[in-house]
Amino acid sequence: MADAAATAGAAGSGTRSGSKQSTNPADNYHLARRRTLQVVVSSLLTEAGFESAEKASVETLTEMLQSYISEIGRSAKSYCEHTARTQPTLSDIVVTLVEMGFNVDTLPAYAKRSQRMVITAPPVTNQPVTPKALTAGQNRPHPPHIPSHFPEFPDPHTYIKTPTYREPVSDYQVLREKAASQRRDVERALTRFMAKTGETQSLFKDDVSTFPLIAARPFTIPYLTALLPSELEMQQMEETDSSEQDEQTDTENLPLHISPGWRPVALRKAEELVILRFWFGLC
Amino acid sequence: MSCSGSGADPEAAPASAASAPGPAPAVSAPAALPAGTAAENKIPDAVTGYYLNRAGFEASDPRIIRLISLAAQKFISDIANDALQHCKMKGTASGSSRSKSKDRKYTLTMEDLTPALSEYGINVKKPHYFT
């Protein structure tokens with residue numbers, strides 16, 4: 001046991017002094033504890049009376065300390081399992097120490113003696129905490145399948161999206177104005193389009209283009225349009241029938257109940273349908 | 001267990017303790033347990049517990065961990081004391097002035113540590129240089 005510890009110490013320190021690679025978090029665990037053991041060894045040497053020590057000797061003693069603790073653990077576990085138990089007891093450890101050549105009787109005396117040097121614990125670094133002013137809202141609590149030592153959920157505003165809509169304007173006056181201006185624009189655009197593409201008549205003799213009027217085509221039977229219901233009127237009649245049958249009040253029909261007589265009579269059927277579609281779109 | 005110790009007494013005592021199982025080792029150990037409190041131990045419980053866990057030893061009682069760390073401390077301090085004796089012997093053997101009583105600064109070197117360890121049966125051979 002002792003020889004194995006020495007050779008392991010020699011080999012370990014030999015490789016360690018040659019290599020200086022970067023440490024990953026897994027190595028940091030080992031290194032942190034090893035550093036603690038080094039501090040302990042240094043304080044024990046100081047207690048013994050040494051002012052300084054060679055690095056190689058400190059490394060040797062550190063390695064020995066680590067091996068000693070590991071060997072005690074392994075041997076005590078073996079003794080305990082030898083007697084068909086799983087939990088090591090005090091007698092297992094005492095027998096282990098005796099087997100390793102350690103004089104157990106001197107231990108209480110040593111415990112009373114060693115009251116000189118106390119090593120302060122290394123400072124505990126706190127986790128970075130976001131200040132109160134920056135947190136917004138309550139963090140979501142951990143669901144039951146996540147252990148409590150895991151980090152908390154981030155602030156809710158970082159992952160929750162709440163889309164907002166601007167409330168549509170429902171002021172009656174604004175809506176009426178909008179509807180009226182839209183209707184006037186549509187009419188103007190359409191009449192200009194018809195004038196530009198179709199036949200035109202002009203009131204002024206020399207100036208044709210400034211105020212074009214859509215040419216009026218007289219019908220062969222002029223009274224036919226007065227007798228037959230237009231498509232618009234037929235649609236109105238269908239819709240009034242269906243609205244009487246349904247219990248719901250259909251707001252779409254309200255503008256239609258405004259007397260259709262105040263539409264200009266000169267508009268053609270295609271234009272009437274387009275106007276009707278725009279009128280529906282406003283409601 | 002090949003421990004060629006120079007002290008015959010420490011070897012006889014464990015031999016007698018091992019031959020008389022039960023009461024002989026158990027008498028001294030409970031005395032050590034209340035004496036070894038956490039404040040006196042240099043090695044933190046977490047570090048000792050970590051190395052014990054790596055060896056497969058799961059401690060049920062924290063006092064057991066403190067006992068083990070105390071035993072390990074004593075082990076190292078015994079070796080350090082032996083090395084100090086070697087260092088003092090080398091200093092006064094050369095016949096330096098007694099008034100100074102050797103410089104107060106003792107440095108632990110491998111030349112002092114090696115014979116101290118060999119008495120415990122640990123043979124270290126450190127290379128002086130890299131080839």
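So the protein sequences, as listed, match chains A and B.
Letter 156 of the first sequence, counting from 1, is numbered 156 in UniProt numbering, and no numbers are missing.
Letter 19 of the second sequence, counting from 1, is numbered 19 in UniProt numbering, and no numbers are missing.
All C-beta atoms, glycine included, are put in the ideal place defined by N, C-alpha and C.
Open item on the list: With a threshold of 8 Å between beta carbons, is residue 138 of chain A in contact with chain B?
Closed with: As a first step, residue 138 of chain A must be located in the first sequence, where it is residue number 138. Chain B, which has no Cβ nearer than 8 Å to the Cβ of residue 138 of chain A, makes this no.
- [ ] Answer yes or no: does any C-beta atom of chain A fall closer than 8 Å to that of residue 92 of chain B?
- [x] Numbered from 1 along the second sequence, position 92 holds the residue referred to as residue 92 of chain B. No, no contact with chain A.
Open item on the list: Here's a check: name, in chain order, each residue in its chain whose Cβ is nearer than 7 Å to the Cβ of residue 212 of chain A, leaving out the five neighbours to either side.
Closed with: Your numbering for residue 212 of chain A matches position 212 in the first sequence. So the qualifying residues of the chain are 195, 200 and 202.
Task: Element boundaries [alpha helix (DSSP H), containing residue 93 of chain A] - done: Locating residue 93 of chain A in the first sequence gives position 93, where the first residue counts as 1. Note, residue 93 of chain A: alpha helix (DSSP H), 90-99.
Open item on the list: Rounded to whole angstroms, what is the Cα-Cα separation between residue 78 of chain A and residue 36 of chain A?
Closed with: By 1-based counting over the first sequence, the position of residue 78 of chain A is 78. By 1-based counting over the first sequence, the position of residue 36 of chain A is 36. Near 27 Å, if we compare the C-alpha coordinates of residue 36 of chain A and residue 78 of chain A.
- [ ] Compare the beta carbon distance of residue 71 of chain A and residue 100 of chain A with 8 Å and say whether it is the shorter of the two.
- [x] Mapped onto the first sequence, residue 71 of chain A falls at position 71. Mapped onto the first sequence, residue 100 of chain A falls at position 100. Yes, the pair counts as a contact, with Cβ atoms nearer than the cut-off.
Open item on the list: So, with DSSP's three-state summary, where would you put residue 83 of chain A?
Closed with: On the first sequence, residue 83 of chain A is found 83 positions in, with the first residue counted as 1. Residue 83 of chain A: coil per DSSP, three-state reduction.
Open item on the list: Less than 8 Å between C-beta atoms, sequence neighbours within five positions excluded: which residues of the same chain meet that for residue 49 of chain B?
Closed with: Start at 1 with the first residue of the second sequence, and residue 49 of chain B comes out as number 49. These residues qualify, in order along the chain: 59 and 65.
Open item on the list: For residue 182 of chain A, report the span of its alpha helix (DSSP H) as first-last.
Closed with: The residue labelled residue 182 of chain A in the question sits at position 182 within the first sequence. Run containing residue 182 of chain A: 172-197, per the alpha helix (DSSP H) assignment.
Open item on the list: If I follow the unbroken beta strand (DSSP E) through residue 213 of chain A, where does it start and stop?
Closed with: Your numbering for residue 213 of chain A matches position 213 in the first sequence. Its beta strand (DSSP E) spans residues 212-214.
Open item on the list: Using the Cβ count rule (16 or more neighbours within 10 Å means buried), how would you classify residue 74 of chain B?
Closed with: Here residue 74 of chain B refers to the residue found at position 74 of the second sequence. Buried, because 16 or more other Cβ atoms sit within 10 Å of the Cβ of residue 74 of chain B.
Open item on the list: Quick check: what's the CA-CA separation for residue 56 of chain B versus residue 105 of chain A?
Closed with: In the second sequence, the residue the question calls residue 56 of chain B occupies position 56. In the first sequence, the residue the question calls residue 105 of chain A occupies position 105. One C-alpha to the other measures close to 27 Å.
TODO: Grab the span of the beta strand (DSSP E) containing residue 200 of chain A for me, first residue to last.
DONE: Stepping through the first sequence from its first residue, residue 200 of chain A is reached at position 200. Note, residue 200 of chain A: beta strand (DSSP E), 200-202.
Open item on the list: Please classify residue 40 of chain B as buried or exposed, where buried requires at least 16 neighbouring CB atoms within 10 angstroms.
Closed with: Taking the second sequence and counting its residues from 1, one reaches residue 40 of chain B at position 40. It counts as buried.
Open item on the list: Once DSSP output is grouped into helix, strand and coil, what is the label at residue 43 of chain A?
Closed with: Mapped onto the first sequence, residue 43 of chain A falls at position 43. It is helical.
Task: Distance between beta carbons of residue 51 of chain B and residue 49 of chain A, contact taken as under 8 Å - done: Your numbering for residue 49 of chain A matches position 49 in the first sequence. Your numbering for residue 51 of chain B matches position 51 in the second sequence. Rounded, the Cβ-Cβ distance is 27 Å, inconsistent with contact.
Task: Cβ pair residue 57 of chain A, residue 110 of chain B closer than 8 Å - done: For the purposes of this step, residue 57 of chain A is taken as the residue at position 57 of the first sequence. For the purposes of this step, residue 110 of chain B is taken as the residue at position 110 of the second sequence. Yes, they are a contact pair.
Task: Neighbouring residues, chain A, relative to residue 110 of chain B (Cβ below 8 Å) - done: Here residue 110 of chain B is taken as the residue at index 110 of the second sequence, counted from 1. Correct list: 54, 56, 57 and 60.
- [ ] Please classify residue 59 of chain B: does DSSP put it in a helix, a strand, or coil?
- [x] For the purposes of this step, residue 59 of chain B is taken as residue 59 along the second sequence, with counting starting at 1. Three-state DSSP puts residue 59 of chain B in coil, outside helix and strand.
TODO: List the residues of chain A that residue 106 of chain B touches, going by C-beta distances under 7 Å, in chain order.
DONE: For this step, residue 106 of chain B is matched to residue 106 along the second sequence. In chain order: 49, 50 and 51.
- [ ] Can you give me the Cβ contacts of residue 82 of chain B inside the same chain, cut-off strictly under 7 Å, excluding the 5 residues immediately before and after it?
- [x] Taking the second sequence and counting its residues from 1, the one referred to as residue 82 of chain B is at position 82. Excluding residues within five positions, the ones whose Cβ falls inside 7 Å are 116 and 119.
Task: Beta-bridge pairing of residue 53 of chain A - partner residues as DSSP gives them - done: Counting from 1 along the first sequence, the entry for residue 53 of chain A is found at position 53. Answer is B/108, bridged to residue 53 of chain A.
Open item on the list: Using the three-state DSSP reduction, which class does residue 24 of chain A fall into: helix, strand or coil?
Closed with: If you number the first sequence from 1, residue 24 of chain A lands on position 24. Three-state DSSP puts residue 24 of chain A in coil, outside helix and strand.
Open item on the list: Am I right that residue 44 of chain A and residue 80 of chain B are in contact with their C-beta atoms under 8 Å? What's the rounded C-beta distance?
Closed with: Taking the first residue of the first sequence as 1, we reach residue 44 of chain A at position 44. Taking the first residue of the second sequence as 1, we reach residue 80 of chain B at position 80. With 8 Å as the limit, residue 44 of chain A and residue 80 of chain B qualify as a contact, their Cβ atoms being about 6 Å apart.
Open item on the list: By the three-class DSSP mapping on this structure, what secondary structure does residue 207 of chain A have?
Closed with: Here residue 207 of chain A refers to the residue found at position 207 of the first sequence. Looking at residue 207 of chain A - three-state DSSP - the assignment turns out to be coil, as it is neither helix nor strand.
- [ ] Measure the beta-carbon distance from residue 240 of chain A to residue 214 of chain A and round it to whole angstroms, keeping in mind my assumption that it falls under 8 Å.
- [x] For the purposes of this step, residue 240 of chain A is taken as residue 240 along the first sequence, with counting starting at 1. For the purposes of this step, residue 214 of chain A is taken as residue 214 along the first sequence, with counting starting at 1. Contact doesn't hold; Cβ gap of about 32 Å is too wide.
TODO: Measuring only between beta-carbons, confirm whether residue 76 of chain A sits less than 8 Å from chain B.
DONE: On the first sequence, position 76 is the one that residue 76 of chain A refers to. Chain B, which has a Cβ nearer than 8 Å to the Cβ of residue 76 of chain A, makes this yes.
Open item on the list: If I measure Cβ to Cβ from residue 289 of chain A and keep anything under 8 Å in the same chain, skipping five residues before and after, which residues do I get?
Closed with: Since the displayed chain A opens at 1 and closes at 283, residue 289 of chain A lies outside it and no answer follows.
Open item on the list: I'd like the span of the alpha helix (DSSP H) that includes residue 108 of chain A, first residue to last.
Closed with: Mapped onto the first sequence, residue 108 of chain A falls at position 108. Residues 107-113.
Open item on the list: Going by DSSP, what residue range makes up the alpha helix (DSSP H) through residue 225 of chain A?
Closed with: Position 225 of the first sequence, counting from 1, holds the residue named residue 225 of chain A. Start and end: 224-227.
- [ ] Answer with yes or no whether the minimum CB distance from residue 23 of chain B to chain A is below 8 Å.
- [x] Locating residue 23 of chain B in the second sequence gives position 23, where the first residue counts as 1. In this prediction, residue 23 of chain B scores a pLDDT of 42, lower than 50, which makes its location untrustworthy; the coordinate-derived value is nonetheless stated afterwards. No, residue 23 of chain B does not count as interfacial toward chain A.
Task: 8 Å Cβ cutoff, residue 50 of chain B in contact with chain A - done: In the second sequence, the residue the question calls residue 50 of chain B occupies position 50. Yes, contact with chain A.
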